[in-house]
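Asks: Structure provided below as structure tokens; questions to follow.
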Amino acid sequence: MNLHLWTQVSNIIFLDLPVGTGFSYATTSRASHSGDFQATQMTHEFLRKWLIDHPEFLSNPVYVGGDSYSGIILPLVVQHISNGNEDGAEPFINLKGYLLGNLVTDFAMEKRAQFRFSHGMRLISDELYESLKKSCGDEYPTNYPISIHCMRDVEAFDKIDGDVLAYHWANNDTVQEALHIRKNTVKMWQRCAKELAYTTEIENTSEYHVNLSKKDL
């Protein structure tokens with residue numbers, strides 16, 4: 076056994092969120108519908124209930140982490156946990172901080188930044204970049220209605236897939252067996268499940284980061 080593994084000093088809960096992403100699934104049509112606020116509340120509720128069932132972890136310091144779209148949900152989850160602790164919610168969660176990687180914070184600004192970044196890194200052609208600038212303009216994606224030409228350019232941009240290895244890994248039978256994934260519950264793991272019955276309710280989470288930065292985390 077490798078005595079230097081991080082599992083020797085810490086524990087981690089992997090939570091696919093919202094329902095329908097990763098290997099998570101719903102058993103009814105109603106349960107498959109979700110949104111930013113509901114997903115946030117469900118995550119907070121799950122964590123407190125999990126600690127009730129596993130009281131041996133109550134004293135452990137808790138760090139909440141996520142990436143990508145978690146940049147929208149996770150700051151609210153941390154805010155709920157902090158507020159709940161201050162209001163005397165049980166069990167107390169020993170919250171110490173949160174971390175995010177490659178996070179979404181401001182949809183409109185970051186989508187436009189993706190175009191510039193991808194062009195600067197030579198991930199897209201000059202032709203596609205110039206076409207995106209011309210067809211989508213400086214206010215995309217808030218300049219409704221969005222033109223057909225812009226939607227086609229964005230579709231071409233989104234087809235640039237750097238996640239091939241992740242798909243091979245997550246859809247490997249051996250990997251899924253090691254993760255204890257229930258057979259036949261999810262046909263194929265997807266990095267971004269864009270067909271979800273999901274309501275986007277938060278466009279910018281900057282204010283939550285500001286509020287959390289003032290807390291003792």
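Numbering of the sequence shown is given in this note's numbering, commencing with residue 76 and proceeding in unit increments.
Glycine included, every Cβ here is placed at the ideal spot set by N, Cα and C.
Here the structure is a predicted model, which means the values were calculated and not measured.
DSSP on Leu170, reduced to helix/strand/coil?
Replies: Reduced to three states, the DSSP call for Leu170 is strand.
Asks: What did DSSP end up calling Leu175 once you bin it into helix, strand or coil?
Replies: In this structure, Leu175 counts as strand in the three-state DSSP scheme.
Asks: So is Ala114 buried or exposed if we call it buried at 16+ other beta carbons inside 10 Å?
Replies: Classification of Ala114: buried, given that the 10 Å Cβ count is 16 or more.
Asks: How long is the line joining the alpha carbons of Lys289 and Ile156, rounded to whole angstroms?
Replies: Distance between the alpha carbons of Lys289 and Ile156 is about 15 Å.
Asks: Just how far apart, CA to CA, sit Lys269 and Ser193?
Replies: Rounded to the nearest angstrom, the two C-alpha atoms are 21 Å apart.
Asks: Once DSSP output is grouped into helix, strand and coil, what is the label at Tyr283?
Replies: Tyr283: helix per DSSP, three-state reduction.
Asks: Is Thr103 helix, strand or coil by DSSP?
Replies: Here Thr103 sits in coil by DSSP.
Asks: Leaving out five residues before and five after Ser210 in sequence, what residues of the same chain have Cβ atoms less than 7 Å from its Cβ?
Replies: Here the set comprises Ser222, His224, Cys225, Asp228.
Asks: By the DSSP assignment, the beta strand (DSSP E) with Tyr138 in it spans what residues?
Replies: Where Tyr138 is concerned, the enclosing beta strand (DSSP E) stretches over 137-142.
Asks: Run through DSSP, which three-state label would Asp181 get?
Replies: DSSP places Asp181 in strand when its eight states are reduced to three.
Asks: Could you spell out the range, first to last residue, of the alpha helix (DSSP H) harbouring Leu149?
Replies: Segment 145-161, the alpha helix (DSSP H) holding Leu149.
Asks: Below 8 Å on the Cβ atoms is my contact criterion, and I expect Trp264 with Gly97 to pass it. Report the Cβ-Cβ distance as a whole number of Å.
Replies: Trp264 to Gly97, Cβ: 7 Å. Contact.
Asks: When you compare only the Cα positions, how much space is there between Lys262 and Glu214?
Replies: So the two alpha carbons sit approximately 38 Å from each other.
Asks: Mapping the DSSP letters down to three states, classify Tyr273 as helix, strand or coil.
Replies: Three-state DSSP puts Tyr273 in a strand.
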